[in-house]
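In what follows, a structure is listed as structure tokens, so that the remarks can point back to it.
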Amino acid sequence: MATAGGSETCSHGSSLDSSLLLPTKEPNWEAIPESESEKLCIDDMLDVYCGEFGSWQLRHFVLTSLAWALEAFHTMVMIFADQEPGWRCVEGSGSRCDEKAESVCGLEPGSWEWEGGPGSSTVAQWGLVCREKYKVGLVQALFFAGCMIGAGVFGHLSDSSLGRKGSLKTVCILNAIFGCLTSIAPDYFTYLLLRFLTGFSTGGVGLCSFVLATEPVGPTKRGAAGMSTFYFFSTGIALLSGIAYIFPTWRALYVASSVPSILFLFLVIPFISESPRWYLVRGKINKAMKIMQAIAKSNGNNLPEGVILALDDEANDASNDNQSSSKEAVSGSIVDVIRSPVTCIRLFLAIGISFTCSVVYYGLSLNVVNLETNIHLSVLLNAVAEMPAFTITAVLLDRFGRKPLAIGTQWFSAIFCLTGCVVGSVRMREVIKMGCGVLGIFGMAGTYNLLFIYTAELFPTAVRNAALGSATQAAQMGAILAPFVVVLGGVLPFLVFGICGLVGGMLAYYLPETLNKPLYDTMRGIEEGEADWRIT
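Per UniProt numbering, the sequence shown starts with residue 1, numbered consecutively.
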């Protein structure tokens, strides 16, 4: 047996042979003397040694972004579950039922019936028509209210105790539970409560997925990668239209749209890694370095010994002699964002843009759904139509920058919305308004896609999800308002959408450009870094 000093060896073999029987000890990067280490921030390490977007990042990005399809399922399922189905007169009703009537409100009870039976939708199940029709809008409003609250809660938790992966796992568990419980709701008010709770958990899905998918990506590839996440959301909507066609009853549809969350938990989550940036700001350098080594190895690169991660303010501070500071957890809250003169104005601008963008995006989406066409086909075409906007914006993102695109896409949408407002009674006005709506949502879909990556780059890692959560909350408020704008009818919806697009573009004018700028880790890092950029 060896002594504490290690001067004795085992009598049954050499010390070399004994060491081969022991498990290899993982390196302790925290114990590397500062004089023997090269400190790099994550962006520099990805650029120099690991690779900005190799096979590791591609696999991790695809697996993590699948969660966007889950968000689409839980959000858009209300289009089918809460639709007002067709109706018909029952045999023998005679003059009591007029099939040419615009609605069932003036018909005698018992003289008509729902096509597909009472289980075809919640409207048919609980008679949410005529004076009770407002209850359908109330469900939608409370769902987005839940999303607004959940975005803030899980934005904070993913920055602090739970982390990105832990928060994503939590919201998927809650979505699966609440979604399945919704399918057995015995009455309207139970259904209302469960949709609110589903919204609460859904509000954190896209937020956590986006940050977790893009944080391990290098700075020059992050823009295109971030904007590609929305393909998964649109694909989820397209798939949901097929699922709704296969499961025509609302209870079966809620189960079918919740099962993918369960599959994601068992088949995808185990193969997703936590964000190395989160580990770093929480003071867990060894775990962060282990992920960086895995990235380098998977990408066919080599991470030399002595190279160690550091927060951006430490990596840029040559006179920093406090090695233990990199072992302390660095965290922040929305209060820190507001206190900083650099990030405060960014936060309020991002909130304003997210709100106006959401009003236009969801409002125009509802107008498309109101077309008198097959609802499954309409939703499918609506989802497919958004994809070219994502592609074009992603291609132009690194060529023209975030700021010009944010302004241009919103004003593009505003121009066509205002055009739809002034069409009046010209010939083929329905076709022109439809074209204006499609082009309006085309532009705003590009903005919606761009906003996530733009907002993420405006704030440091320590508060990134908290800031994104605040912007997402504002977007949910816009989503709550959008149905009430559509109810106004006439030219007013297009007028409101056009004004919102113009205002959103003006707000984006005051945001800084983030193209090819580093992704900061701490509040100190972004304040010092932005000061250097202003000087240069």
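Each residue gets a CB set at the ideal place from its N, CA and C atoms; glycine is no exception. For clarity, every value in this text was computed on a predicted model and none was experimentally measured.
{"Check": "Neighbourhood of F247 by C-beta distance below 7 Å, restricted to the same chain and skipping five residues each side", "Outcome": "L253 and A256"}
{"Check": "Which of helix, strand or coil DSSP assigns to K39", "Outcome": "strand"}
{"Check": "CA-to-CA distance, L207 to L458, given in whole angstroms", "Outcome": "15 Å"}
{"Check": "6 Å CB neighbourhood of T461 in its chain, flanking five on each side removed", "Outcome": "R277, V281 and D521"}
{"Check": "Completely contained alpha helix (DSSP H) runs for the stretch 256 to 295, where each covers 4 or more residues", "Outcome": "276 to 281"}
{"Check": "Euclidean distance between Cα positions of N320 and G166", "Outcome": "The pLDDT assigned to N320 is 46, lower than 50, so where the model puts this residue is not dependable, and the model offers no usable value."}
{"Check": "Cβ-Cβ separation, G437 to L492 (assumed contact under 8 Å), whole Å", "Outcome": "Not quite, the Cβ-Cβ distance comes to about 14 Å (not below 8 Å), so this is no contact."}
{"Check": "Classification of R524 by the beta-carbon crowding that lies within 10 angstroms, buried from 16 upward", "Outcome": "buried"}
{"Check": "For L349 and Y510, the rounded distance between their alpha carbons", "Outcome": "8 Å"}
{"Check": "Spatial distance of T447 from A406 (CA atoms)", "Outcome": "6 Å"}
{"Check": "Within 8 Å, strictly: CB atoms of S55 and S209", "Outcome": "no"}
{"Check": "Neighbourhood of G443 by C-beta, 6 Å cutoff - its chain only, sequence neighbours within 5 removed", "Outcome": "T409, F412 and S413"}
{"Check": "Residues that E113 bridges to, as DSSP identifies them", "Outcome": "R88"}
{"Check": "L303 - DSSP class collapsed to helix/strand/coil", "Outcome": "coil"}
{"Check": "L70, DSSP secondary structure in three states", "Outcome": "helix"}
{"Check": "Residues near M78 in its chain [Cβ-Cβ closer than 8 Å; skip 5 each side]", "Outcome": "V139, Q140, F143 and R195"}
{"Check": "Exposed unless 16 or more other CB atoms sit within 10 angstroms - verdict on G117", "Outcome": "exposed"}
{"Check": "Rounded Cβ spacing between Y362 and A482 (contact assumed at less than 8 Å)", "Outcome": "4 Å"}
{"Check": "Neighbourhood of A389 by C-beta distance below 6 Å, restricted to the same chain and skipping five residues each side", "Outcome": "F442, A445 and G446"}
{"Check": "Distance between L309 and C41 (C-alpha atoms, nearest Å)", "Outcome": "6 Å"}
{"Check": "First and last residue of the uninterrupted alpha helix (DSSP H) at V205", "Outcome": "V205 to T214"}
{"Check": "Validate contact between the stretch 78 to 90 and the stretch 223 to 235 using beta carbons, cut 8 Å, 3 pairs", "Outcome": "no"}
{"Check": "Cα-Cα separation, V123 to P219", "Outcome": "48 Å"}
{"Check": "Residues sharing a beta bridge with I308, DSSP", "Outcome": "K39"}
{"Check": "F196, enclosing alpha helix (DSSP H) - first and last residue", "Outcome": "Y188 to T202"}
{"Check": "For G306 and P260, the rounded distance between their alpha carbons", "Outcome": "43 Å"}
{"Check": "Residue burial classification, D187 (beta-carbon count within 10 angstroms, cutoff 16)", "Outcome": "exposed"}
{"Check": "Buried versus exposed, by CB contacts within 10 Å (16 or more), N175", "Outcome": "buried"}
{"Check": "Coil, strand or helix - G127 by DSSP", "Outcome": "coil"}
{"Check": "Beta-carbon spacing of F200, G150 below 8 Å", "Outcome": "yes"}
{"Check": "Spatial distance of N322 from M289 (CA atoms)", "Outcome": "The predicted model places N322 with a pLDDT of 43, which falls under 50 and marks its position as unreliable; any figure quoted below should be read in that light. Roughly 19 Å between the two C-alpha positions."}
{"Check": "A238 beta carbon less than 8 Å from that of V384", "Outcome": "yes"}
{"Check": "Buried versus exposed, by CB contacts within 10 Å (16 or more), N449", "Outcome": "buried"}
{"Check": "For I184, the three-state DSSP class (helix, strand or coil)", "Outcome": "coil"}
{"Check": "Beta-carbon proximity list for D336, same chain, < 7 Å, skipping 5 on both sides", "Outcome": "V463 and M523"}
{"Check": "Rounded straight-line distance, which links the Cα of A69 to that of S258", "Outcome": "11 Å"}
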